[in-house]
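**Student:** Taking numbering that gives the first Met the number 0, the leading residue of the sequence shown gets 0, the next gets one more, and so forth. No residue lacks a Cβ here, since even glycine has one placed at the ideal position from N, Cα and C. Owing to the predicted nature of the structure, the values given are computational and were not obtained by experimental measurement. My questions will all concern the structure given below.
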Amino acid sequence: MSMASRLLEVTDLNVEYSSRAGPVKALESVSLAVGRAETIGIVGESGSGKSSLGLSIMKLLPPNIHAFSGVVRLEGSDLTRLSENEFRRTVRWKKISMVFQGAMNSMNPVIRVGTQIAEPLFFDSSLSRHDAERVAKRNLRAVGLSDEVFRRYPHELSGGMKQRAVIAMALVTNPKLVLLDEPTSALDVSVQAQIMNLLKKLRTEMGLSILFISHDLALASELSEKIAVMYAGQIVEFGTNSDVLTHPLHPYTQLLLASAPRLTGGLSPGFIPGIPPDLVKPPAGCRFHPRCPYVFERCKNEDPLELVPDPGHSVRCWLHGEKE
Ligand code: ATP
Ligand code: SF4
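Shown next as structure tokens:
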């Protein structure tokens, strides 16, 4: 991918949280590039650092940050250098939006849905309240909800409708990039399918770039052109959908695939033997080594090389040599 076609570029992101047990190494040397109108799935089990990546990009990490380093570039300019004020004025909810995990259940119960959708527009002084409401209604229709939903309260909507409303909220300012953190996990399967179809439609119509964060590889691959697999705070494999699904290189990805019966008809869903590591004291060497069926001596002492953004199909594993 050429520099010019890159919308977002994350380079060598490291995030640690303070905790009573010591610093939690939530992200280590994470690098990723997102192209214009490109969807990338960020996949990994709970605690692998997916939300931390999203929150880092949105500059919304919790206050107990122990260490942060790395560069996040949007259209070439380094967002980590912007003050909170500048970031809020020019980037957050304007160029980059996020649908948080569980967002539909944290809508404000006493504010009408339409007002909540229009809210980001009220800060834009060039728009009258009337215009903001008009734009919000247009967005409601774009997510398949009628104008009449504008005046309802969140409890008057079904789960699927609420999820459509929070997507409308994230898109109301016409951002270039939207981060979706488990956007369908609270919904039943048929509603989940409707939301996935909606996201496909919106992506095409709006030319959106999407980071689709999910523990579900099958789901992420439905929408994404590329997949980044995360394990214990690192991206361990990155490639196009078909590379990752048909030639998974990292043993963890292979196990994830085997535990996604919808894709392979394989093992029982979601079961990978062993437990995720403690990120206060991550295993030496390859972080996956205590669970890896192919572990050998080198894995226990030396961390496989980092992945660099967008080199094609790449993997962080000693089975695959020095570099892919
Ligand atoms: P999930 O799907 O469960 O949200 P995730 O893949 O999004 O998981 P993160 O939420 O980014 O993972 O968490 C990465 C690691 O950081 C985990 O070990 C988690 O326990 C830890 N962590 C997250 N937030 C904090 C915090 N505010 N303070 C301390 N540790 C945290
Ligand atoms: Fe397994 Fe070694 Fe590869 Fe880690 S580096 S995934 S332990 S083979």
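#1: Hey, which unbroken runs of the alpha helix (DSSP H) at 4 residues or more fall wholly within the region 47-85?
#2: Grab the span of the beta strand (DSSP E) containing Asp-11 for me, first residue to last.
#3: Alpha carbon to alpha carbon, what distance is there between Leu-78 and Asp-146?
#4: Around the Cβ of His-249, are there at least 16 other Cβ atoms within 10 angstroms (buried) or fewer (exposed)?
#5: What ranges does the alpha helix (DSSP H) occupy inside the region 158-222, keeping only unbroken runs of at least 4 residues that lie completely in it?
#6: Please report the Cβ distance between Ser-4 and Gly-34, rounded to the nearest whole angstrom; I am assuming they are in contact, meaning their Cβ atoms lie under 8 Å.
#7: Are Gly-143 and Leu-81 closer than 8 Å when you measure CB to CB?
#8: If I'm right that Asn-138 touches Ala-167 with Cβ under 8 Å, what's the distance once you round it to whole angstroms?
#9: Is it right to say Lys-24 is buried, meaning 16 or more other beta carbons lie within 10 angstroms of its own, or is it exposed?
#10: I'd like the span of the alpha helix (DSSP H) that includes Ser-241, first residue to last.
#11: At which residue ranges does the region 94-169 contain complete alpha helix (DSSP H) runs of 4 or more residues, listed in the order of the chain?
#12: Determine, for Gly-75, whether the minimum Cβ-Cβ distance to residues of chain C falls below 8 Å.
**Tutor:** So, from the listed chains and residues:
#1: Listed in chain order, they are 49-56.
#2: Run containing Asp-11: 5-16, per the beta strand (DSSP E) assignment.
#3: In a straight line, the C-alpha of Asp-146 is about 36 Å away from that of Leu-78.
#4: buried
#5: 158-170, 188-205, 216-222
#6: Their Cβ separation, rounded to whole angstroms, is 5 Å, which keeps Ser-4 and Gly-34 in contact under 8 Å.
#7: no
#8: 4 Å
#9: buried
#10: 240-245
#11: Entirely contained in the region 94-169, the alpha helix (DSSP H) runs reaching 4 residues are, in chain order, 112-121, 128-141.
#12: Absent from the structure is chain C; it holds one protein chain and no more.
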